[in-house]
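Enquirer: Below is a structure I'd like to ask you about.
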Amino acid sequence: MKKLTLAAIVGLGLMSGSALAASAWTGGDDQPTNPLSCDATPATVAAKPYDGGVPTNPPDRKGKEINVVDVPKLIGIGYFNATSKGIADAAAELGNVKAKTDGPTKANIDEQITFIDNYITSGVDGILFAANDPVAIAPVLKKALEKGINVVGYDANSTPDARQWFVNQAEFNGIAKALVDNMAKEAGEDAGVAIVTSTFTTPNQARWIAEMAAYAEKCHPKMKWLETVEAQEDNNLSFNQATTLINKYGDDLKGIFGMTSVATPASAEAVTQAGKCGKIAVVGLATPNAMKPYVEKECVKSVVLWNPVDLGYAAMQVLRAVADGTLQPGATSVKAGKLGDLQVINGSEILLGAPYTFTKDNIGQFDF
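Read left to right, the sequence shown gives residues -21 to -1, 1 to 347 (mature numbering (1 follows the signal peptide of the UniProt record, and there is no 0)).
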(Lines of atoms letter the chains of each structure in order from A and count residues from 1; the text may use other names and numbers.)
(Lines give C-alpha, C1' and ligand atoms only; values in the text may rest on other atoms or scores of the structure.)
Protein backbone atom coordinates (compact mmCIF):
# COMPACT_ATOMS: atom_id res chain seq x y z
CA MET A 1 0.00 0.00 0.00
CA LYS A 2 1.45 3.33 -1.02
CA LYS A 3 0.68 6.82 0.15
CA LEU A 4 -0.75 8.67 -2.84
CA THR A 5 -0.40 12.21 -4.09
CA LEU A 6 -3.37 13.92 -5.72
CA ALA A 7 -1.82 13.19 -9.13
CA ALA A 8 -1.77 9.50 -8.28
CA ILE A 9 -5.38 9.68 -7.17
CA VAL A 10 -6.38 10.97 -10.59
CA GLY A 11 -4.42 8.12 -12.16
CA LEU A 12 -6.20 5.56 -10.04
CA GLY A 13 -9.50 6.86 -11.32
CA LEU A 14 -8.57 5.42 -14.71
CA MET A 15 -8.03 1.92 -13.32
CA SER A 16 -10.56 -0.87 -13.32
CA GLY A 17 -12.90 -1.14 -10.37
CA SER A 18 -11.14 -4.22 -8.99
CA ALA A 19 -7.71 -2.59 -9.08
CA LEU A 20 -9.08 0.55 -7.48
CA ALA A 21 -10.75 -1.42 -4.70
CA ALA A 22 -7.55 -3.33 -4.04
CA SER A 23 -5.14 -0.42 -3.82
CA ALA A 24 -6.94 2.90 -3.47
CA TRP A 25 -5.91 5.08 -0.59
CA THR A 26 -6.93 8.63 -1.34
CA GLY A 27 -6.84 11.64 0.91
CA GLY A 28 -3.30 11.36 2.23
CA ASP A 29 -0.65 14.01 1.65
CA ASP A 30 2.89 13.59 0.36
CA GLN A 31 4.75 14.61 3.53
CA PRO A 32 7.02 12.13 5.33
CA THR A 33 5.25 9.80 7.76
CA ASN A 34 6.41 8.56 11.14
CA PRO A 35 4.35 5.52 12.14
CA LEU A 36 4.53 4.53 15.80
CA SER A 37 5.59 1.08 16.96
CA CYS A 38 3.03 -1.70 16.75
CA ASP A 39 3.15 -2.21 20.51
CA ALA A 40 2.93 0.50 23.18
CA THR A 41 6.59 1.51 23.01
CA PRO A 42 6.71 5.33 23.24
CA ALA A 43 8.11 7.22 20.28
CA THR A 44 11.54 8.79 20.62
CA VAL A 45 11.29 12.55 20.28
CA ALA A 46 14.29 14.17 18.65
CA ALA A 47 15.44 17.42 20.19
CA LYS A 48 14.65 20.45 18.09
CA PRO A 49 15.58 24.09 18.74
CA TYR A 50 12.87 26.40 20.04
CA ASP A 51 11.06 27.96 17.09
CA GLY A 52 8.34 29.96 18.84
CA GLY A 53 8.00 33.71 19.06
CA VAL A 54 9.36 36.03 21.74
CA PRO A 55 7.44 38.91 23.35
CA THR A 56 9.05 42.33 23.28
CA ASN A 57 10.04 43.66 26.71
CA PRO A 58 7.31 41.90 28.69
CA PRO A 59 6.80 43.20 32.23
CA ASP A 60 7.69 41.05 35.22
CA ARG A 61 4.58 38.97 35.77
CA LYS A 62 6.05 36.31 38.06
CA GLY A 63 3.47 35.40 40.69
CA LYS A 64 1.36 38.47 39.90
CA GLU A 65 -2.28 38.39 38.91
CA ILE A 66 -2.69 38.34 35.14
CA ASN A 67 -5.67 39.00 32.87
CA VAL A 68 -6.03 36.42 30.12
CA VAL A 69 -8.45 36.24 27.20
CA ASP A 70 -9.20 33.02 25.36
CA VAL A 71 -10.27 33.50 21.72
CA PRO A 72 -11.13 30.11 20.17
CA LYS A 73 -12.26 29.48 16.60
CA LEU A 74 -15.80 30.18 17.71
CA ILE A 75 -17.87 30.19 20.85
CA GLY A 76 -21.16 28.52 21.69
CA ILE A 77 -20.39 24.95 20.64
CA GLY A 78 -19.79 22.00 22.92
CA TYR A 79 -16.14 21.48 22.06
CA PHE A 80 -15.00 25.01 22.85
CA ASN A 81 -17.36 25.20 25.81
CA ALA A 82 -15.29 22.28 27.13
CA THR A 83 -11.91 23.93 26.47
CA SER A 84 -13.24 27.11 28.09
CA LYS A 85 -14.23 25.11 31.17
CA GLY A 86 -10.72 23.70 31.39
CA ILE A 87 -9.24 27.20 31.16
CA ALA A 88 -11.58 28.45 33.89
CA ASP A 89 -10.79 25.43 36.10
CA ALA A 90 -7.05 26.05 35.79
CA ALA A 91 -7.44 29.77 36.45
CA ALA A 92 -9.45 29.07 39.62
CA GLU A 93 -6.91 26.49 40.75
CA LEU A 94 -3.98 28.84 40.14
CA GLY A 95 -5.70 31.67 41.99
CA ASN A 96 -3.74 34.49 40.36
CA VAL A 97 -5.37 34.45 36.94
CA LYS A 98 -8.48 36.19 35.66
CA ALA A 99 -9.56 34.41 32.48
CA LYS A 100 -12.47 34.90 30.09
CA THR A 101 -13.46 33.31 26.79
CA ASP A 102 -14.71 35.53 23.97
CA GLY A 103 -14.83 35.26 20.21
CA PRO A 104 -16.94 34.94 17.06
CA THR A 105 -20.08 32.83 16.92
CA LYS A 106 -18.98 31.26 13.64
CA ALA A 107 -15.60 30.01 12.51
CA ASN A 108 -14.57 33.20 10.71
CA ILE A 109 -10.90 34.16 10.71
CA ASP A 110 -11.56 37.85 10.04
CA GLU A 111 -13.84 38.07 13.07
CA GLN A 112 -11.36 36.15 15.19
CA ILE A 113 -8.60 38.59 14.23
CA THR A 114 -10.83 41.53 15.16
CA PHE A 115 -11.55 40.07 18.59
CA ILE A 116 -7.84 39.53 19.29
CA ASP A 117 -6.94 42.99 18.03
CA ASN A 118 -9.54 44.59 20.28
CA TYR A 119 -8.16 42.80 23.33
CA ILE A 120 -4.64 43.90 22.44
CA THR A 121 -5.92 47.48 22.39
CA SER A 122 -7.88 47.18 25.63
CA GLY A 123 -4.91 45.58 27.35
CA VAL A 124 -4.41 41.99 28.48
CA ASP A 125 -1.45 40.09 29.88
CA GLY A 126 -2.02 36.87 27.97
CA ILE A 127 -3.86 35.54 24.92
CA LEU A 128 -4.95 31.95 24.35
CA PHE A 129 -6.18 31.06 20.87
CA ALA A 130 -7.27 28.24 18.57
CA ALA A 131 -6.62 29.48 15.04
CA ASN A 132 -9.16 29.42 12.23
CA ASP A 133 -6.29 29.99 9.80
CA PRO A 134 -2.63 29.48 10.81
CA VAL A 135 -1.22 32.08 8.42
CA ALA A 136 -3.93 34.74 8.47
CA ILE A 137 -3.94 34.92 12.27
CA ALA A 138 -0.15 35.35 12.50
CA PRO A 139 0.11 39.15 12.05
CA VAL A 140 -2.29 39.99 14.90
CA LEU A 141 -0.58 37.49 17.21
CA LYS A 142 2.81 38.99 16.34
CA LYS A 143 1.32 42.37 17.20
CA ALA A 144 0.42 40.98 20.62
CA LEU A 145 3.97 39.70 21.12
CA GLU A 146 5.33 43.11 20.13
CA LYS A 147 3.18 44.62 22.90
CA GLY A 148 4.79 42.28 25.44
CA ILE A 149 1.72 40.04 25.71
CA ASN A 150 2.24 36.31 26.35
CA VAL A 151 0.66 34.22 23.57
CA VAL A 152 -0.12 30.49 23.72
CA GLY A 153 -2.12 28.45 21.20
CA TYR A 154 -4.07 25.22 21.57
CA ASP A 155 -6.19 22.94 19.36
CA ALA A 156 -5.28 24.69 16.06
CA ASN A 157 -1.84 26.22 15.63
CA SER A 158 -0.55 29.39 14.02
CA THR A 159 2.82 29.74 12.36
CA PRO A 160 5.29 29.03 15.20
CA ASP A 161 6.86 32.51 15.25
CA ALA A 162 3.48 34.12 15.95
CA ARG A 163 3.08 32.55 19.40
CA GLN A 164 5.36 31.34 22.16
CA TRP A 165 4.00 27.82 22.67
CA PHE A 166 1.31 25.58 21.21
CA VAL A 167 -0.45 22.88 23.25
CA ASN A 168 -0.91 19.99 20.85
CA GLN A 169 -3.85 17.78 21.80
CA ALA A 170 -2.39 14.71 20.09
CA GLU A 171 0.22 13.99 17.46
CA PHE A 172 -0.92 12.87 14.03
CA ASN A 173 0.75 9.47 14.30
CA GLY A 174 -0.82 8.93 17.73
CA ILE A 175 -4.30 9.56 16.36
CA ALA A 176 -3.54 7.24 13.45
CA LYS A 177 -2.42 4.41 15.72
CA ALA A 178 -5.50 4.70 17.94
CA LEU A 179 -7.91 4.69 15.00
CA VAL A 180 -6.32 1.81 13.10
CA ASP A 181 -5.71 -0.35 16.18
CA ASN A 182 -9.34 0.07 17.26
CA MET A 183 -10.58 -0.78 13.77
CA ALA A 184 -8.41 -3.92 13.55
CA LYS A 185 -9.70 -5.03 16.96
CA GLU A 186 -13.35 -4.44 16.09
CA ALA A 187 -13.54 -5.35 12.39
CA GLY A 188 -10.64 -7.79 12.02
CA GLU A 189 -7.09 -7.70 10.74
CA ASP A 190 -8.17 -8.34 7.16
CA ALA A 191 -11.22 -6.07 7.18
CA GLY A 192 -12.23 -4.02 4.16
CA VAL A 193 -12.51 -0.41 5.33
CA ALA A 194 -13.42 2.98 3.90
CA ILE A 195 -13.05 6.59 5.04
CA VAL A 196 -15.45 9.51 5.20
CA THR A 197 -13.49 12.76 5.49
CA SER A 198 -14.19 16.43 4.80
CA THR A 199 -11.90 17.09 1.82
CA PHE A 200 -8.76 15.43 0.52
CA THR A 201 -6.80 18.62 1.13
CA THR A 202 -7.89 19.54 4.67
CA PRO A 203 -4.45 19.64 6.35
CA ASN A 204 -5.04 17.82 9.62
CA GLN A 205 -7.23 15.12 8.08
CA ALA A 206 -4.83 14.56 5.17
CA ARG A 207 -2.04 14.16 7.73
CA TRP A 208 -4.07 11.72 9.85
CA ILE A 209 -4.92 9.66 6.79
CA ALA A 210 -1.32 9.57 5.57
CA GLU A 211 -0.18 8.40 9.01
CA MET A 212 -2.98 5.83 9.15
CA ALA A 213 -1.83 4.40 5.83
CA ALA A 214 1.78 4.17 7.00
CA TYR A 215 0.87 2.65 10.37
CA ALA A 216 -1.53 0.11 8.85
CA GLU A 217 1.07 -0.97 6.30
CA LYS A 218 3.52 -1.54 9.15
CA CYS A 219 1.27 -3.09 11.79
CA HIS A 220 -1.95 -4.28 10.11
CA PRO A 221 -0.82 -5.13 6.56
CA LYS A 222 -3.82 -7.34 5.76
CA MET A 223 -6.32 -4.49 6.19
CA LYS A 224 -7.97 -3.71 2.84
CA TRP A 225 -8.43 -0.03 1.96
CA LEU A 226 -11.50 0.30 -0.26
CA GLU A 227 -12.17 4.00 -0.75
CA THR A 228 -11.97 7.47 0.76
CA VAL A 229 -14.82 9.92 0.11
CA GLU A 230 -15.28 13.63 0.76
CA ALA A 231 -18.25 14.98 2.69
CA GLN A 232 -17.41 18.67 3.26
CA GLU A 233 -18.19 18.69 7.02
CA ASP A 234 -21.85 18.37 6.00
CA ASN A 235 -24.11 16.06 7.99
CA ASN A 236 -26.44 15.09 5.15
CA LEU A 237 -23.60 14.56 2.69
CA SER A 238 -21.66 12.51 5.26
CA PHE A 239 -24.71 10.29 5.81
CA ASN A 240 -25.26 9.90 2.07
CA GLN A 241 -21.60 9.12 1.39
CA ALA A 242 -21.54 6.47 4.11
CA THR A 243 -24.77 4.97 2.78
CA THR A 244 -23.28 4.86 -0.72
CA LEU A 245 -20.22 3.02 0.61
CA ILE A 246 -22.44 0.50 2.39
CA ASN A 247 -24.45 -0.18 -0.77
CA LYS A 248 -21.43 -0.15 -3.08
CA TYR A 249 -19.23 -2.62 -1.21
CA GLY A 250 -21.84 -4.79 0.49
CA ASP A 251 -20.38 -7.54 2.65
CA ASP A 252 -16.82 -6.51 1.68
CA LEU A 253 -17.17 -3.39 3.83
CA LYS A 254 -16.41 -4.22 7.45
CA GLY A 255 -15.53 -0.78 8.79
CA ILE A 256 -15.88 2.96 8.23
CA PHE A 257 -13.48 5.57 9.58
CA GLY A 258 -15.03 8.98 10.30
CA MET A 259 -12.39 11.70 10.16
CA THR A 260 -14.52 14.57 11.48
CA SER A 261 -16.95 15.17 14.32
CA VAL A 262 -19.66 15.36 11.65
CA ALA A 263 -18.67 12.34 9.55
CA THR A 264 -18.42 9.91 12.45
CA PRO A 265 -21.95 10.23 13.88
CA ALA A 266 -23.39 10.49 10.35
CA SER A 267 -21.64 7.24 9.41
CA ALA A 268 -22.95 5.60 12.57
CA GLU A 269 -26.46 6.71 11.64
CA ALA A 270 -26.03 5.30 8.13
CA VAL A 271 -24.90 1.96 9.56
CA THR A 272 -27.84 2.01 11.98
CA GLN A 273 -30.41 2.73 9.28
CA ALA A 274 -28.90 0.06 7.03
CA GLY A 275 -29.35 -2.50 9.80
CA LYS A 276 -25.62 -3.18 9.84
CA CYS A 277 -24.81 -2.60 13.51
CA GLY A 278 -22.41 -5.33 14.56
CA LYS A 279 -21.52 -6.03 10.92
CA ILE A 280 -19.85 -2.72 10.02
CA ALA A 281 -17.65 -1.10 12.66
CA VAL A 282 -17.56 2.70 12.86
CA VAL A 283 -14.38 4.15 14.35
CA GLY A 284 -13.64 7.84 14.22
CA LEU A 285 -13.08 11.25 15.71
CA ALA A 286 -16.09 12.82 17.39
CA THR A 287 -17.35 14.36 20.61
CA PRO A 288 -18.90 11.98 23.14
CA ASN A 289 -22.29 13.71 23.17
CA ALA A 290 -22.73 13.15 19.43
CA MET A 291 -21.82 9.49 19.77
CA LYS A 292 -23.57 8.50 23.01
CA PRO A 293 -26.74 7.15 21.31
CA TYR A 294 -24.67 4.83 19.09
CA VAL A 295 -22.24 3.76 21.80
CA GLU A 296 -25.01 3.04 24.29
CA LYS A 297 -26.77 0.85 21.69
CA GLU A 298 -23.42 -0.85 20.98
CA CYS A 299 -23.54 0.08 17.31
CA VAL A 300 -20.25 1.94 17.91
CA LYS A 301 -17.68 0.54 20.33
CA SER A 302 -15.02 3.24 20.40
CA VAL A 303 -14.70 6.95 19.69
CA VAL A 304 -11.26 8.53 19.50
CA LEU A 305 -10.57 12.11 20.49
CA TRP A 306 -8.85 13.93 23.31
CA ASN A 307 -10.29 15.49 26.40
CA PRO A 308 -10.90 19.16 25.48
CA VAL A 309 -11.39 20.11 29.14
CA ASP A 310 -7.85 18.88 29.79
CA LEU A 311 -6.65 20.70 26.66
CA GLY A 312 -7.95 24.04 27.91
CA TYR A 313 -6.62 23.33 31.38
CA ALA A 314 -3.16 22.57 29.98
CA ALA A 315 -3.15 25.71 27.83
CA MET A 316 -3.89 27.90 30.85
CA GLN A 317 -1.21 26.18 32.92
CA VAL A 318 1.31 26.71 30.12
CA LEU A 319 0.47 30.41 29.81
CA ARG A 320 0.88 30.86 33.57
CA ALA A 321 4.27 29.11 33.40
CA VAL A 322 5.33 31.39 30.54
CA ALA A 323 4.23 34.50 32.44
CA ASP A 324 6.12 33.32 35.53
CA GLY A 325 9.24 32.57 33.52
CA THR A 326 9.31 28.92 34.60
CA LEU A 327 8.83 27.75 30.99
CA GLN A 328 11.72 28.91 28.85
CA PRO A 329 12.91 28.09 25.32
CA GLY A 330 14.87 24.86 25.45
CA ALA A 331 12.72 23.25 28.15
CA THR A 332 11.91 19.57 27.70
CA SER A 333 8.81 19.52 29.90
CA VAL A 334 6.43 21.77 31.82
CA LYS A 335 4.45 21.24 35.02
CA ALA A 336 0.73 21.41 34.30
CA GLY A 337 -1.09 21.10 37.62
CA LYS A 338 -3.15 17.94 37.98
CA LEU A 339 -1.98 16.73 34.54
CA GLY A 340 1.58 16.40 35.80
CA ASP A 341 4.59 17.03 33.60
CA LEU A 342 3.82 17.47 29.90
CA GLN A 343 6.45 16.82 27.24
CA VAL A 344 7.84 19.50 24.93
CA ILE A 345 8.01 18.34 21.29
CA ASN A 346 8.93 19.90 17.95
CA GLY A 347 10.73 22.84 19.49
CA SER A 348 7.79 24.84 20.82
CA GLU A 349 4.87 22.43 21.15
CA ILE A 350 3.64 20.82 24.34
CA LEU A 351 1.92 17.46 24.00
CA LEU A 352 -1.25 16.88 25.99
CA GLY A 353 -0.81 13.13 25.70
CA ALA A 354 -2.07 10.06 23.90
CA PRO A 355 -5.52 10.23 22.27
CA TYR A 356 -8.46 9.37 24.49
CA THR A 357 -10.82 6.52 23.59
CA PHE A 358 -14.43 6.87 24.67
CA THR A 359 -16.30 3.59 25.19
CA LYS A 360 -19.56 2.45 26.73
CA ASP A 361 -17.77 2.23 30.07
CA ASN A 362 -16.71 5.89 30.23
CA ILE A 363 -18.59 7.97 27.67
CA GLY A 364 -21.37 8.83 30.15
CA GLN A 365 -18.84 10.71 32.30
CA PHE A 366 -18.39 13.43 29.65
CA ASP A 367 -20.68 16.23 28.53
CA PHE A 368 -19.45 18.01 25.42
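Backbone N, C-alpha and C define an ideal beta-carbon position, used for all residues, glycine too.
Assign residue 359 to one of three DSSP states: helix, strand, or coil.
Expert: Because the chain spans -21 through 347 in this model, residue 359 falls outside it and cannot be assessed.
Enquirer: Quick one: residues in its chain with C-beta nearer than 7 Å to the C-beta of residue 264, no 5 flanking neighbours on either side, listed in chain order?
Expert: 237, 238, 239, 240, 243, 283 and 284
Enquirer: Would you list the one or two residues that DSSP bridges to residue 178?
Expert: For residue 178, which the question treats as bridged, DSSP gives no partner whatsoever.
Enquirer: Contact defined as beta carbons within less than 8 Å: I believe residue 48 pairs with residue 103. What is the distance between those atoms, to the nearest angstrom?
Expert: 5 Å
Enquirer: Round the Cβ separation of residue 347 and residue 266 to the nearest angstrom and send it over; I've been treating them as touching at under 8 Å.
Expert: 6 Å
Enquirer: Hey, could you find the ends of the beta strand (DSSP E) residue 95 is sitting in?
Expert: Residue 95 -> not in any beta strand (DSSP E); alpha helix (DSSP H) instead, spanning 88 to 101.
Enquirer: Please report the Cβ distance between residue 288 and residue 61, rounded to the nearest whole angstrom; I am assuming they are in contact, meaning their Cβ atoms lie under 8 Å.
Expert: 5 Å
Enquirer: State the DSSP-derived secondary structure class of residue 204, mapped to helix, strand or coil.
Expert: strand
Enquirer: Are the CB atoms of residue 227 and residue 135 within a distance shorter than 9 Å?
Expert: no
Enquirer: Specify the secondary structure class of residue 187 as computed by DSSP and reduced to three states.
Expert: It is helical.
Enquirer: Cutting at 6 Å between CB atoms, please list the residues of its own chain near residue 296, excluding the five before and the five after it.
Expert: 69, 315 and 316
Enquirer: If we ignore side chains and look at the alpha-carbon of each, how far apart do residue 127 and residue 99 end up?
Expert: 10 Å
Enquirer: Here's the rule I'm using: 16 or more other beta-carbon atoms within 10 Å means buried, otherwise exposed. How should residue 207 be labelled?
Expert: buried
Enquirer: Is it buried or exposed, residue 101, if we count other Cβ atoms within 10 angstroms and call 16 or more buried?
Expert: exposed
Enquirer: Kindly indicate the opening and closing residues of the alpha helix (DSSP H) around residue 225.
Expert: 214 to 228
Enquirer: Identify the continuous alpha helix (DSSP H) that holds residue 58 and give its terminal residues.
Expert: 57 to 73
Enquirer: In this structure, how does DSSP classify residue 322 when only helix, strand and coil are distinguished?
Expert: strand
Enquirer: Checking 9 Å against the spacing of the C-beta atoms, do residue 171 and residue 130 come in under that value?
Expert: no
Enquirer: Near residue 280, what residues of its chain come up, given a Cβ to Cβ distance below 6 Å and the 5 sequence neighbours on each side ignored?
Expert: So the qualifying residues of the chain are 165.
Enquirer: Is the beta carbon of residue 235 sitting closer than 9 Å to the one on residue 269?
Expert: no
Enquirer: To which residues of the same chain is residue 157 closer than 7 Å at the C-beta, ignoring the five residues directly before and after it?
Expert: 283, 334 and 336
Enquirer: When you compare the CB positions of residue 233 and residue 258, do they come within less than 9 Å of one another, or not?
Expert: yes
Enquirer: Apply the 10 Å Cβ neighbour rule to residue 78 and answer buried if 16 or more other Cβ atoms are within range, or exposed otherwise.
Expert: buried
Enquirer: Going by DSSP in three states, residue 352 sits in which element: helix, strand or coil?
Expert: In the structure displayed, the chain extends from -21 to 347; residue 352 sits before or after that span and is not available.
Enquirer: Taking the continuous beta strand (DSSP E) assigned at residue 330, which residues delimit it?
Expert: 328 to 330
Enquirer: CB residue 189 to CB residue 8, shorter than 9 Å?
Expert: yes
Enquirer: Among 225, 97, 178 and 45, which one has its Cα closest to the Cα of residue 254?
Expert: Of 225, 97, 178 and 45, the residue nearest in Cα terms is 225.
Enquirer: Which one of 149, 245, 33 and 203 has the shortest CA to CA distance from residue 121?
Expert: 33
Enquirer: Report the rounded CA-to-CA distance for residue 319 versus residue 325, giving the unit in angstroms.
Expert: 20 Å
Enquirer: Measure the Cβ-Cβ separation of residue 31 and residue 211 and say whether it is below 9 Å.
Expert: Between residue 31 and residue 211, the gap from beta carbon to beta carbon reaches 9 Å or more.
Enquirer: Alpha carbons only, please: which of 344, 305, 301 and 341 is nearest the one belonging to residue 132?
Expert: 301
Enquirer: Should residue 161 be labelled buried (16 or more other beta-carbon atoms within 10 Å of its own) or exposed?
Expert: buried
Enquirer: So, helix, strand or coil for residue 259, using DSSP?
Expert: coil
Enquirer: Roughly how far, in whole angstroms, is the beta-carbon of residue 292 from the beta-carbon of residue 92, given that I think they are within contact range, below 8 Å?
Expert: Incorrect: roughly 26 Å between the Cβ atoms, too far for contact.
Enquirer: Rounded to whole angstroms, what's the CA-CA distance from residue 151 to residue 323? Just pull it up for me.
Expert: 15 Å
Enquirer: Look up residue 146 in the DSSP assignment and say whether it is helix, strand or coil.
Expert: strand
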